[in-house]
Amino acid sequence: MEDIVALCKRRGFIFQSSEIYGGLQGMYDYGPLGVELKNNLKSAWWKSIVYDRDDVEGLDSSILTHPDVLKFSGHTDTFTDPMIDCKSCKARFRADQIDDKCPKCGSQDLTEPRPFNLMFKTSVGPVTDESSYAYLRPETAQQIFINFKNIIDSTSRTLPFGIAQIGKSFRNEITPRNFIFRVREFEQMELEFFVLPGHDDHWHKSWVEMRTKWWIKQGIPKDKLNVIDITGDDLAHYSKATADIMYSFPHGDEELEGIANRTDFDLGSHTKNQGSLNIKANVKENNKSNSRLAVQNENKEWIVPYIIEPSAGVDRGVLAVLNEAFTNEDLGDGKTRIVLKLKKHLSPIKAAVIPLKRNNENLVNKAHEVKSRLQKYQFGRVVVENTGNIGKSYRKHDEVGTPLCLTVDFDSLEKNTITIRDRDTMNQESISLDNIDKYFSDYYSDA
Ligand code: ATP
């Protein structure tokens, strides 16, 4: 983990938030390369969930959430961790993480476990009172449920279909830790997939398989992923079945994504006319909603769809792919190199164009010309690396996972050729500049 954290800072992937003022715990900022990597991971998810399928629509909803949404979802009452306070040093810990003494000062003068709500509350508008508050959403899912009718009405979707959303979520985690694994502000990639009751077991199984395959495509080896079925008290009260995709993070086996069968709990909780809808889940009585969140079957009966929810963390995904890609390679003769063997579709920089000499105008101009030609394919960022030191440039781009380095030398000016170096094999080949567009677009078009 230390190697990854150090590389992230050194090369501009991830920084501690508000670092110059001592840092804000549980928050991180994604730097120039981190934002590219994160966007690439999110795009890969969006592509596989929305574009490659014909049964999913997208959504981008507000972060600030009406208190009633989180009241009827159950978050206001139950989105808590039991906490213990140390009466001596005032430190607070999750009850399941301590024994009978304070991990900070050793005192045994502790409170009984008490619930601590994980949601951030804020006020909306000029007056701050009990009628003007809202929450920062603790998950992206709730806004999908409450937009169900808007999306059905505007798209004429019939079951089964899904709504996908990527966005920020906020949880006041008691003990944020393990770099970007457990943070207080994070991003989720969530799909709510609506199905007929009775078809839910099939879809749950199928989504667990599809999501596992997707992580493998992002560069996580199958043997580092472990799907576990959550049972007994660990199963959320609304869930009929939950499978967690666990990954061997540097600090241990932990959840990367959860796939839950949420039954009719969510639409049942947020719908009006609950009494007439034959809702199976145990929902809070709702007398505020003005929308019927149900669909009609062929006999014109109203049905509240069941929901299968694959919910993945973007930040945990970034940590997992970085961990897999990070390689300290032995080159023989006592030499090593750090290389980030990211899948090429995830690499923050798609190609670095390097002029052999930084002060030679013709070489530098040629490099910029090549960069512009390649940038227009929109596969991602292409840069000109004008350090004048080829070895240093290669080392840098190995460390940040750039798959291709293209060196512009005097042959480029005289013989119209360019040298392409492959990150993983370090092989170099010289090709005609006339073929560079095809080479580049062929290389990335299957990524
Ligand atoms: P955990 O048990 O690790 O706290 P959870 O079961 O509460 O996770 P979910 O509510 O199922 O998590 O959220 C779905 C996904 O969102 C998780 O699989 C994870 O990838 C991500 N996630 C949840 N909490 C955090 C957090 N504090 N920091 C980063 N990612 C998170």
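Residue numbers (my numbering): 33 to 479.
All C-beta atoms, glycine included, are put in the ideal place defined by N, C-alpha and C.
From a predicted model like this one, the values you see are computed outputs, not experimental measurements.
To which residues does DSSP link M24 through a beta bridge?
There is no way to answer for residue 24, as the model of the chain reaches only from 33 to 479.
Would the beta-carbon of E289 be found less than 7 Å away from any heavy atom of the ligand ATP?
Yes - the ligand ATP has a heavy atom lying nearer than 7 Å to the Cβ of E289.
Is DSSP giving V101 helix, strand or coil here?
Helix at V101.
Is it the case that the CB of F218 approaches a heavy atom of the ligand ATP more closely than 7 Å?
For the ligand ATP, at least one heavy atom lies less than 7 Å from the Cβ of F218.
Just the C-alpha distance for Y60 and E51, rounded to the nearest angstrom, thanks.
Each residue's alpha carbon lies about 9 Å from the other.
Tell me whether the region 62-72 and the region 336-343 touch, counting them as touching only if at least three CB pairs, one residue from each stretch, are closer than 8 Å.
Touching, no.
How far does the beta strand (DSSP E) with Q4 in it reach, from first residue to last?
Nothing in the structure corresponds to residue 4, since the chain is present only between 33 and 479.
Which same chain residues end up closer than 7 Å to K254 when comparing Cβ atoms and leaving out the 5 residues on each side of it in sequence?
Once the five neighbours on either side are set aside, the close Cβ partners of K254 are I248.
Three-state secondary structure (DSSP) at C121?
Here C121 sits in coil by DSSP.
Flag R214 as yes when its Cβ comes closer than 7 Å to any non-hydrogen atom of the ligand ATP, and as no otherwise.
For the ligand ATP, at least one heavy atom lies less than 7 Å from the Cβ of R214.
Got a sec? Which residues, its chain only, sit under 6 Å from Q175 by beta carbon, not counting five neighbours each side?
Contacts found: S93.
Can you name the start and end residues of the alpha helix (DSSP H) that R189 belongs to?
Here R189 belongs to no alpha helix (DSSP H), and DSSP marks it neither H nor E.
To which residues of the same chain is I463 closer than 7 Å at the C-beta, ignoring the five residues directly before and after it?
For I463, where only same-chain residues beyond five positions count, the Cβ hits under 7 Å are T449, I450, I452, Y471.
Does the separation of the CB atoms of E289 and R216 fall below 8 Å?
Their beta carbons are not under 8 Å apart, which means E289 does not touch R216 by this criterion.
With a threshold of 16 other CB atoms inside 10 Å of the CB of C437, please say whether the residue is buried or exposed.
C437 comes out buried.
Quick one: complete alpha helix (DSSP H) runs, 4+ long, within the region 302-361?
The qualifying runs are 346-357.
Confirm the yes/no value for this check: CB of E286, any heavy atom of the ligand ATP, distance under 7 Å.
Yes, since a heavy atom of the ligand ATP falls inside the 7 Å radius drawn around the Cβ of E286.
Got a sec? Which residues, its chain only, sit under 8 Å from I260 by beta carbon, not counting five neighbours each side?
So the qualifying residues of the chain are A275, D276, M278.
Using a threshold of 8 Å, state whether the C-beta atoms of F125 and P114 are closer than that.
Taking 8 Å as the Cβ cut-off, F125 and P114 do not qualify as a contacting pair.
Among H377, E461, F281, which one has its Cα closest to the Cα of N258?
Here the closest residue by C-alpha is F281.
If contacts are defined as beta-carbon pairs under 8 Å, then L191 and I81 qualify, I think. What distance do you get, rounded to the angstrom?
Not confirmed; about 17 Å, so no contact.
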